[in-house]
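Asks:
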Amino acid sequence: MKTTAIVVLMLFAGSAFGQWQSDLKAAIKEASATDKKVLLYFTGGEDCENCIQLQQQVLETTEFLAYAREHFVLVRQDFLSKENLEENLLIVEKYNKDGFFPLVVIIGGNAKRIGQIGVYQNETPGQYIDKLRALAH
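As numbered in mature numbering (1 follows the signal peptide of the UniProt record, and there is no 0), residues -18 to -1, 1 to 119 make up the sequence shown, in order.
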């Protein structure tokens, strides 16, 4: 029984970022249609210690994901990815001109930037959710 529980937990933890989209245009359309906002997460990938910390301590937690799925369409933008480079550069130019990561940007269904959370300060998932609530409302 313990083995089954561990396997299920590992599968869920490993798939946490599987719930994030990479197509910002589609996410904005979905947000508009569902009356949600887009949470655009810029990451520096595996080379970014603060990004990994934010992911593990907040973005991959069940508490955060339960809240976020209800209020946002989740988009993960790997800042250093070579895939879709031209489109990625347009997204960076519009929403992250300074090239800062980790960076979380809240976008309305109209594609306009609402606000952002920059420096990760070791917040708990609950504290981070409070920051998002303050930005999104």
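All C-beta atoms, glycine included, are put in the ideal place defined by N, C-alpha and C.
Are three or more beta carbon pairs between the stretch 61 to 74 and the stretch 89 to 105 nearer than 8 Å?
Replies: Segments in contact, no.
Asks: So the alpha helix (DSSP H) Q109 belongs to, where does it begin and stop?
Replies: From DSSP, the alpha helix (DSSP H) with Q109 extends over P107 to A118.
Asks: In chain order, which beta strand (DSSP E) runs of at least 3 residues are fully inside the stretch 58 to 112?
Replies: Within the stretch 58 to 112, the complete beta strand (DSSP E) runs of at least 3 residues are 85 to 89 and 95 to 99.
Asks: Please confirm whether G27 and L56 have their CB atoms less than 7 Å apart.
Replies: Cβ distance not < 7 Å, so G27 and L56 don't count as in contact.
Asks: Rounded to a whole number of angstroms, what is the C-alpha to C-alpha distance between D112 and K79?
Replies: For D112 and K79, the distance between alpha carbons rounds to 25 Å.
Asks: L41: which of Q1, F82, A118 and Q98 sits nearest, CA to CA?
Replies: The residue with the shortest Cα to Cα distance from L41 is Q1.
Asks: Among residues of its own chain, excluding the 5 on either side of A118, which ones have a beta-carbon nearer than 7 Å to its beta-carbon?
Replies: Same-chain partners within the cutoff: K19, H53, I88 and I96.
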